[in-house]
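Below is one structure; the comments refer to it alone.
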Amino acid sequence: MREAIKVRMRETGNVVYYEKGDMYPKVGDYVIVEVERGHDYGQVTGGPEMILEADLGKPLKNVIRIATKEDIFRISENKKRIKNASQTCVRKIQERKLDMKLIDAEYSFDRTKLIFYFTSEGRVDFRELVKDLAHIFKVRIEMRQIGVRDEARMLGGFGHCGRPLCCASFLKNFEPVTIRMAKEQNLPL
């Protein structure tokens, strides 16, 4: 059994369990955590609680530290840099006449990677775009094609019922939607 906390990665990311170690973060605190390649930030949403690693299916990663003032400053600087990066990417997409719509972008916490999220009806050859962006920003560039429900999760909005979109507020996994379900909700097909 390990003592873990729940951390929401970034603002709209998934909630992930992390081993808290000898720290005592409170709900709402920002923390710096281990990720696949480096470090990232998230916000504590629950815990601590005792869990079995076997129940998760993979080993728990660690909370490195509770975010310092410098970390919070870096997070806000990254958000400011994203505006410029998004504008540059949109301009390059238009220059190359690519059939894609940029939805969002994010820097890794340590600014070694810049990820662009986009939607497109079909496959897009964006290799030259990646080269252009890597030359401009001098970091590793990742392009991720997302679906319409992921787009709705990132952008937010309100459903026909007047409440925030389910995919942006509480749905964690997107299950397939049947035609019958769409008809029951009077959604366009």
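Its first residue numbered 4, the sequence shown is counted upward by one per residue in the working numbering. For each residue, glycine too, the CB sits at the ideal point set by N, CA and C.
_Three or more C-beta pairs under 8 Å: does that hold for the region 18-35 against the region 59-79?_
yes
> At a cut of 8 Å, does the region 47-60 reach the region 78-89 through at least three beta carbon pairs?
Replying inline: no
Hey, would you say residue 119 sits closer than 8 Å to residue 44, going by beta carbons? Position 116 of the sequence shown, counted from the start, is the residue given in the question as residue 119. Position 41 of the sequence shown, counted from the start, is the residue given in the question as residue 44. Taking 8 Å as the Cβ cut-off, residue 119 and residue 44 do not qualify as a contacting pair.
Legend entry - DSSP three-state assignment for residue 107, whether helix, strand or coil: In the sequence shown, residue 107 corresponds to position 104, counting from 1. The answer is strand: DSSP assigns residue 107 an E or B state.
inquiry  = Determine whether the beta carbon atoms of residue 149 and residue 106 lie at a separation below 8 Å.
reply    = Walking along the sequence shown from the start, residue 149 turns up at place 146. Walking along the sequence shown from the start, residue 106 turns up at place 103. Cβ atoms of residue 149 and residue 106: closer than 8 Å.
Quiz prompt | Beta-carbon proximity of residue 92 to residue 108, cut-off 8 Å | solution = Within the sequence shown, residue 92 is the residue found at index 89, counting from 1. Within the sequence shown, residue 108 is the residue found at index 105, counting from 1. Going by C-beta atoms, residue 92 is nearer than 8 Å to residue 108.
Tell me the DSSP secondary structure of residue 58 in three-state form. For this step, residue 58 is matched to residue 55 along the sequence shown. Residue state, collapsed to three classes: helix.
Just how far apart, CA to CA, sit residue 141 and residue 131?
What you label residue 141 is simply residue 138 of the sequence shown in a count that begins at 1. What you label residue 131 is simply residue 128 of the sequence shown in a count that begins at 1. One C-alpha to the other measures close to 15 Å.
* To do: Can you give me the start and stop residues for the alpha helix (DSSP H) that residue 81 sits inside?
  => Along the sequence shown, one-based indexing puts residue 81 at 78. Note, residue 81: alpha helix (DSSP H), 72-98.
Practice task
Compare the beta carbon distance of residue 100 and residue 49 with 8 Å and say whether it is the shorter of the two.
Solution key: Indexing the sequence shown from 1 puts residue 100 at position 97. Indexing the sequence shown from 1 puts residue 49 at position 46. No.
Requested in this report: Rounded to whole angstroms, what's the CA-CA distance from residue 65 to residue 53? Just pull it up for me.
Outcome: Stepping through the sequence shown from its first residue, residue 65 is reached at position 62. Stepping through the sequence shown from its first residue, residue 53 is reached at position 50. If you take the alpha carbons of residue 65 and residue 53, they lie about 15 Å apart.
Review point. Just how far apart, CA to CA, sit residue 103 and residue 138?
Key: Residue mapping note: residue 103 aligns to position 100 of the sequence shown, counting from 1. Residue mapping note: residue 138 aligns to position 135 of the sequence shown, counting from 1. About 20 Å.
With a threshold of 7 Å on Cβ separation, who are the neighbours of residue 24 within its own chain once the five nearest residues in sequence on each side are excluded? For the purposes of this step, residue 24 is taken as residue 21 along the sequence shown, with counting starting at 1. Here the set comprises 65 and 66.
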